Amino acid sequence: MTIENGKVVIHAVHERDAEAFWKKLELGREEPCFVCGFPVTSKSFGAIGVCKGKVVVCCDNGRCFMSFRDKIKTEEKVNEER
């Protein structure tokens with residue numbers, strides 16, 4: 053974990069640390085995938101990011117993972133334009 057431009061950047065989370073990381077972010081037992089809405093847990097997430105100041109998660113589906121970053125950027129851009 054590092055701090056870049058005032059933001060905490062986490063490059064990877066080991067499987068053995070995933071549950072503690074999930075709890076540290078104060079996520080519920082299940083959170084909806086930001087892309088498809090499928091329930092995601094500390095054992096099934098593919099990515100975690102921040103959108104509009106809120107922690108969002110992505111399931112472990114490859115298609116969702118590929119769309120995750122673009123969706124966050126799009127949501128942030130729309131928010132900035134308002």
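Residue numbers (the numbering used here): 53 to 134.
Beta carbons are placed, not taken as given, at the ideal position from N, Cα and C, and that holds for glycine.
Quick caveat, the model's predicted, so the values are computed rather than measured.
Best match in the options for proximity to residue i [C-alpha to C-alpha]
i, options, result
"LYS75", "ILE124, VAL108, GLY105, SER94", "SER94"
"VAL61", "VAL107, ARG115, GLU127, GLY114", "VAL107"
"CYS85", "ASN57, VAL130, ASP69, ILE124", "ILE124"
"GLU128", "GLU71, HIS66, GLY105", "GLY105"
Pair within 8 Å by beta-carbon distance, residue i and residue j
i, j, result
"GLU82", "PRO91", "yes"
"PHE73", "GLY101", "no"
"CYS103", "VAL87", "no"
"PHE117", "GLY89", "no"
In DSSP terms, what residue i is bridged to
i, result
"LYS129", "Partner(s): none; LYS129 has no beta bridge."
"ILE146", "The requested residue 146 does not occur in the structure, where the chain is confined to residues 53 to 134."
"GLU67", "According to DSSP, which records beta bridges pairwise, GLU67 is partnered with nothing at all."
Contact belief for residue i with residue j at Cβ below 8 Å, rounded distance in angstroms
i, j, result
"SER96", "ASP122", "Not quite, the Cβ-Cβ distance comes to about 21 Å (not below 8 Å), so this is no contact."
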